[in-house]
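At position 9 of the sequence shown the residue is numbered 9 (UniProt numbering), and the sequence of numbers has no breaks. Have a look at the structure below, then the notes.
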Amino acid sequence: MIVEAVLGNLAELTEQERAGLHLERVALAGPELRKRVQRVVTDHGTELGLRLAERRELKDGDILHREGSNAVVVSTLPTDVLVVAPATIEQMGRVAHALGNRHLPAQFLGPATEVAELPGHDGLMVLQYDHTAETYLQEAGVRFARVERQMEVPFRHAEHTH
Numbered sequence: 001m002i003v004e005a006v007l008g009n010l011a012e013l014t015e016q017e018r019a020g021l022h023l024e025r026v027a028l029a030g031p032e033l034r035k036r037v038q039r040v041v042t043d044h045g046t047e048l049g050l051r052l053a054e055r056r057e058l059k060d061g062d063i064l065h066r067e068g069s070n071a072v073v074v075s076t077l078p079t080d081v082l083v084v085a086p087a088t089i090e091q092m093g094r095v096a097h098a099l100g101n102r103h104l105p106a107q108f109l110g111p112a113t114e115v116a117e118l119p120g121h122d123g124l125m126v127l128q129y130d131h132t133a134e135t136y137l138q139e140a141g142v143r144f145a146r147v148e149r150q151m152e153v154p155f156r157h158a159e160h161t162h
């Protein structure tokens, strides 16, 4: 079967609509969420070809196929990340500058985000695990944790020139 479009997302369905669905899941990691063309296999062994017409990133819960009460959905895999919780705005600026010079893609999460290893923070910076970034954070005395985290949006390098 070839999938050419995402049919919606589980989050858009009502509780009643979700309750009646039998789900097959396609587990994808960060880079795979950005591919428009690929072959995938569900947790039930069903093979699908993705040839998405629209250029977009897949998200957790995206519905790839639906037939009656059966649906094939995307399930994002956890990513090995560094979650950084700078103590001050100055420390955040220094960290952002140092890591930005290494061209590491980052995401930012608000204070309501729960990370057991880093309680009580004003906001977090999250980046894919990188041993040089980990060493920098240790040497700079910045509070951080290495965790496996399911990211809502895959990491993407910003395109630019110098």
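Think of the CB as a built atom: it goes at the ideal place given N, C-alpha and C, for glycine as much as any other residue. Just so it is clear, the structure is predicted and the values come from calculations on it, not from any experiment.
Is there contact between the region 73 to 82 and the region 20 to 36, where contact requires at least three CB pairs shorter than 8 angstroms?
yes
Are the C-beta of His65 and some C-beta of chain C separated by less than 8 angstroms?
Included in the structure is just one protein chain, with no chain C present.
Specify the secondary structure class of Gln91 as computed by DSSP and reduced to three states.
helix
Give a yes or no on whether the C-beta atoms belonging to residue 168 and Ala106 are separated by under 8 angstroms.
Only positions 1 to 162 of the chain appear in this structure, which leaves residue 168 out of reach.
Considering Cα atoms alone, identify which of Glu17, Leu52, Ala85, Glu152 is closest to Glu134.
Ala85
In the DSSP output, what is Met125 paired with across the bridge?
Val84, Phe108
Within 10 angstroms of its Cβ, does Pro154 collect 16 or more other Cβ (buried), or is it exposed?
buried
Taking 6 angstroms as the limit between beta carbons, can you name the residues of its chain near Gly110, skipping five residues before and five after?
Gly123
Give me whichever residues DSSP pairs with Phe155 in a beta bridge.
Looking at the DSSP assignment, Phe155 forms no beta bridge with any residue, so it has no partner.
Determine the closest residue to Gln91 out of Arg143, Ala11, Glu57, with distance taken between C-alpha atoms.
Looking from the CA of Gln91, the closest CA among Arg143, Ala11, Glu57 belongs to Arg143.
Leaving aside the five residues before and after Glu54 along the sequence, list all residues of the same chain whose C-beta is less than 7 angstroms from its C-beta, in chain order.
Ala5
Assign Gly68 to buried or exposed, taking buried as 16 or more other Cβ atoms, counted over all protein chains shown, within 10 Å of its Cβ.
Around the beta carbon of Gly68, fewer than 16 other beta carbons sit within 10 angstroms, so the residue counts as exposed.
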